[in-house]
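A.B. asks: Protein chains in written order, with the working numbering: chain A, 1 to 347; chain B, 348 to 692.
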């Protein structure tokens with residue numbers, strides 16, 4: 001499919017690399033639905049995800065974290081940028097330039113798990129059809145083979161193979177999430193994007209499913225993009241974390257570094273906002289309250305998009321857009337990353 | 348059922364052995380199966396539990412807003428607001444005059460999704476004014492003035508203009524503030540908050556929790572704060588009731604619940620939450636199995652099939668009574684005392 005000589009360069013340990021990704025959605029208004037502007041949902045996002053790691057993407061609603069995942073799997077067409085992916089064969093492909101047909105073939109290697117286990121499964125399909133569907137589409141095996149494979153997948157995710165002919169309504173939220181995971185695993189992908197995969201689940205069930213995802217990662221050598229707004233969860237599961245705000249990455253760091261010493265004021269604010277299951281700790285903790293709410297992405301603030309809410313903002317932040325730049329072995333988008341002494345959460 | 352004894356002076360709300368059932372095609376669901384708790388004047392009672400624990404249905408029984416297919420199968424709910432008169436809420440019809448006097452006037456309510464609780468076709472100002480005029484006998488002008496003051500009090504930007512805005516014009520956080528303004532408009536003695544921050548982002552959640560704490564301190568109202576989030580409850584509650592399958596399994600002060608839990612369920616849940624900045628090892632401790640479906644609640648202690656300390660012949664046979672400790676903590680577990688000693692040893 002690709003000319004080896006023209007293959008894009010990708011560091012050996014990287015599985016997927018997003019470079020200068022942009023996604024702009026048009027805004028239409030009026031009787032003629034004329035385009036009157038655009039929302040920069042994703043503005044210049046670059047990140048590398050290494051083989052076998054879990055990369056966590058955190059941010060509040062409207063930060064664009066889900067959009068990044070959808071762009072990486074080409075569920076949306078991108079406005080600009082490139083996405084390099086290392087295939088199982090070793091070839092490196094720029095996904096952004098593939099045709100729909102070529103992309104379909106790629107999707108066996110990249111899969112997604114969704115948040116809502118209630119709406120992401122077709123209620124009229126039983127488990128055999130649901131989990132077997134990707135196999136049928138990709139023409140893998142005979143009916144008997146598919147049946148065996150589905151039964152095996154159900155076992156892998158901790159569901160009983162006897163459930164083969166049951167429908168999704170017969171299962172709890174946590175079990176439905178497992179059905180979604182089995183479906184994602186059907187074609188042996190190397191990369192899985194999990195979008196708020198445990199956010200809708202109760203505490204005890206979320207813990208079970210997180211453990212399952214980690215077991216599967218070890219068993220099959222999977223690489224995860226783990227998207228969530230739950231900082232406790234993302235800290236637990238991720239090797240590295242990217243923090244997003246209004247369509248931009250504000251900081252990328254190793255999990256430990258990020259939580260012990262954030263370099264971006266937004267990261268600090270996020271951590272300080274999360275109430276902990278620790279009443280004495282909550283009372284003792286300095287609560288940094290960020291003012292206001294996330295800005296309208298159709299009309300983002302000038303300069304650093306976080307400046308209207310940032311307790312450390314200065315004149316320069318209003319006028320000059322900070323670049324995502326390397327600081328102390330990490331990447332930060334703040335003019336004052338070196339000077340600020342920000343508080344992490346005690347390790 | 349009638350009130351068996353009088354309420355202590357500091358008591359605001361007494362929920363005693365309340366049962367709410369739902370007859371379904373598949374059988375009878377005992378959504379609330381003998382819930383008892385109380386709220387004293389000016390305190391924040393946090394109610395935590397996973398979905399299906401009955402925490403919201405109990406609150407709806409208090410407000411007399413149970414779904415139409417619900418059957419009340421016993422129990423007594425008594426309420427005595429700051430004005431001094433006592434209401435036996437459990438004896439009142441959902442739309443009786445007395446209930447309408449209590450709801451909105453003495454008990455304010457806020458919910459997870461303000462969009463469903465606020466009217467989409469009336470402006471924020473109209474909704475607040477209507478309530479104030481109805482309960483406090485203000486005229487239109489005075490009500491509008493008070494409504495603007497209330498919006499300022501919940502830190503709404505540009506309160507005057509906000510009066511004429513409709514809910515859909517506000518962000519989630521602002522809608523929640525509008526609903527809080529509405530709920531506190533008549534100086535209620537009790538605010539029932541059902542997952543009010545669950546749909547919000549963490550920075551907005553922190554703002555709303557701070558606001559509720561401030562309003563509570565200023566007005567001295569009590570709050571029943573229902574949530575599934577142990578972090579939130581640790582932040583806002585004075586006392587906590589932990590619910591499982593339609594029962595309160597443990598009650599204690601917030602510190603005792605978090606640092607010296609007596610019920611195995613509380614203990615196991617607290618262990619399964621990932622905490623910021625705390626190394627918990629690669630695998631999270633979990634509770635085996637899942638919450639049983641409401642048609643086949645296990646015999647004996649309903650938590651026994653999932654409990655690490657369950658003793659066959661005891662826990663799967665007899666439903667445990669409440670064990671009370673000297674510090675006021677109470678746990679519904681046969682072995683609460685032994686477990687407590689094990690923790691302190």
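The beta-carbon is built from N, C-alpha and C at its ideal position, and this holds for glycine as well.
Taking the C-alpha atoms as reference points, what is the distance between residue 210(A) and residue 490(B)?
C.D. replies: Each residue's Cα considered, the two are about 51 Å apart.
A.B. asks: State the Cα-Cα distance for the pair residue 44(A) and residue 19(A), rounded to the nearest angstrom.
C.D. replies: So the two alpha carbons sit approximately 8 Å from each other.
A.B. asks: According to DSSP, which residues form a beta bridge with residue 235(A)?
C.D. replies: Beta-bridge pairing links residue 235(A) to no other residue.
A.B. asks: Check distances from the C-beta atoms of the segment 323 to 344 of chain A to those of chain B and list, in chain order, the residues that come in under 8 Å.
C.D. replies: The segment 323 to 344 of chain A vs chain B, Cβ under 8 Å: 344.
A.B. asks: Is DSSP giving residue 354(B) helix, strand or coil here?
C.D. replies: In this structure, residue 354(B) counts as coil in the three-state DSSP scheme.
A.B. asks: Could you give the distance in angstroms between the alpha-carbon of residue 603(B) and the alpha-carbon of residue 117(A)?
C.D. replies: Approximately 35 Å between the Cα atoms of the pair.
A.B. asks: Residue 599(B) versus chain A: which residues are under 9 Å apart at the beta carbon?
C.D. replies: Simply none; closest approach about 11 Å.
A.B. asks: Give me, in chain order, the residues of the same chain whose beta-carbon lies closer than 8 Å to that of residue 312(A); leave out the 5 immediate sequence neighbours on both sides.
C.D. replies: Cβ neighbours of residue 312(A) beyond the five flanking positions: 265, 336, 340.
A.B. asks: Locate the beta strand (DSSP E) running through residue 224(A), then write down its first and last residues.
C.D. replies: That run of the beta strand (DSSP E) goes 223 to 228.
A.B. asks: Does the beta carbon of residue 581(B) come closer than 8 Å to any beta carbon on chain A?
C.D. replies: Yes, its Cβ sits closer than 8 Å to a Cβ of chain A.
A.B. asks: When you compare the CB of residue 293(A) with every CB in chain B, is at least one pair closer than 8 Å?
C.D. replies: True, the Cβ-Cβ gap to chain B drops below 8 Å.
A.B. asks: Would you be able to state if there are at least three C-beta pairs under 8 Å between the segment 453 to 466 of chain B and the segment 383 to 395 of chain B?
C.D. replies: They do not touch, by the three-pair rule.
A.B. asks: Excluding sequence positions up to five away, which residues of its chain have a Cβ less than 6 Å from the Cβ of residue 555(B)?
C.D. replies: So the qualifying residues of the chain are 523, 544.
A.B. asks: Who are the Cβ neighbours of residue 506(B) in its own chain at under 7 Å, not counting the five residues just before and after it?
C.D. replies: Same-chain partners within the cutoff: 495, 498, 499.
A.B. asks: Across the segment 136 to 148 of chain A and the segment 192 to 200 of chain A, are there enough close Cβ pairs to call them in contact, namely three or more that are closer than 8 Å?
C.D. replies: Taking 8 Å as the limit for Cβ pairs, the verdict is that the segment 192 to 200 of chain A does not touch the segment 136 to 148 of chain A.
A.B. asks: To which residues of the same chain is residue 356(B) closer than 8 Å at the C-beta, ignoring the five residues directly before and after it?
C.D. replies: Answer for residue 356(B): no residue qualifies.
A.B. asks: Just the Cα atoms here: how many angstroms apart are residue 289(A) and residue 272(A)?
C.D. replies: If I take the Cα positions, the gap works out to 8 Å.
A.B. asks: Give me, in chain order, the residues of the same chain whose beta-carbon lies closer than 8 Å to that of residue 267(A); leave out the 5 immediate sequence neighbours on both sides.
C.D. replies: Closer than 8 Å at the Cβ level, and outside the excluded window around residue 267(A), lie 243, 250, 251, 258, 342.
A.B. asks: Name the two residues that bound the continuous beta strand (DSSP E) containing residue 326(A).
C.D. replies: Its beta strand (DSSP E) spans residues 325 to 327.
A.B. asks: Determine the contact status of residue 54(A) and residue 238(A), defining contact as a CB-CB distance below 8 Å.
C.D. replies: Yes, they are a contact pair.
A.B. asks: List the residues that DSSP assigns as beta-bridge partners of residue 254(A).
C.D. replies: For residue 254(A), which the question treats as bridged, DSSP gives the partners 240(A).
A.B. asks: Excluding sequence positions up to five away, which residues of its chain have a Cβ less than 8 Å from the Cβ of residue 231(A)?
C.D. replies: Counting only Cβ-Cβ distances below 8 Å, and skipping sequence neighbours, we find 58, 270, 271, 274.
A.B. asks: Can we say the segment 212 to 225 of chain A touches the segment 182 to 195 of chain A, given the rule of at least three CB pairs closer than 8 Å?
C.D. replies: Cβ pair count under 8 Å is three or more, so yes.
A.B. asks: Using 8 Å as the limit for Cβ to Cβ distance, is residue 9(A) near chain B?
C.D. replies: By this cut-off, residue 9(A) is not an interface position.
A.B. asks: Going by DSSP, which residues form a beta bridge with residue 24(A)?
C.D. replies: Residue 24(A) is bridged to 40(A).
A.B. asks: Below 8 Å between beta carbons: does that hold for residue 194(A) and residue 294(A)?
C.D. replies: Contact: no.
A.B. asks: According to the Cβ coordinates, are residue 429(B) and residue 536(B) closer than 8 Å?
C.D. replies: It is a contact, given that the beta carbons lie within the stated cut-off.
A.B. asks: For residue 420(B), I'd like the list of residues in its chain whose CB is within less than 6 Å of its CB, leaving aside the five on either flank, ordered along the chain.
C.D. replies: Around residue 420(B): 366, 368.
A.B. asks: Of all the CB atoms in chain B, is at least one closer than 8 Å to the CB of residue 1(A)?
C.D. replies: Its pLDDT being 48, under 50, residue 1(A) is placed unreliably in this model, and the value from its coordinates should be taken loosely. No, residue 1(A) lies away from the interface with chain B (no Cβ there is under 8 Å from its Cβ).
A.B. asks: Note down the Cα distance separating residue 512(B) from residue 469(B), rounded to an integer number of angstroms.
C.D. replies: Taking the straight line joining both Cα atoms gives about 9 Å.
A.B. asks: Does the beta-carbon distance from residue 42(A) to residue 303(A) come in below 8 Å?
C.D. replies: No, the Cβ-Cβ distance between residue 42(A) and residue 303(A) is not below 8 Å.
A.B. asks: Indicate the three-state DSSP secondary structure (helix, strand or coil) for residue 526(B) in the structure shown.
C.D. replies: Helix at residue 526(B).
A.B. asks: Using beta-carbon positions only, say whether residue 330(A) and residue 225(A) come within less than 8 Å of one another.
C.D. replies: No, these two residues do not count as a Cβ contact at 8 Å.
A.B. asks: For residue 80(A) versus residue 398(B), is the C-beta distance shorter than 8 Å?
C.D. replies: The answer is no: Cβ separation not under 8 Å.
A.B. asks: Taking just the CA atoms, how far does residue 643(B) sit from residue 371(B)?
C.D. replies: For residue 371(B) and residue 643(B), the distance between alpha carbons rounds to 13 Å.
A.B. asks: Please confirm if residue 429(B) has its CB atom under 8 Å from at least one CB of chain A.
C.D. replies: No, because no Cβ of chain A sits closer than 8 Å to the Cβ of residue 429(B).
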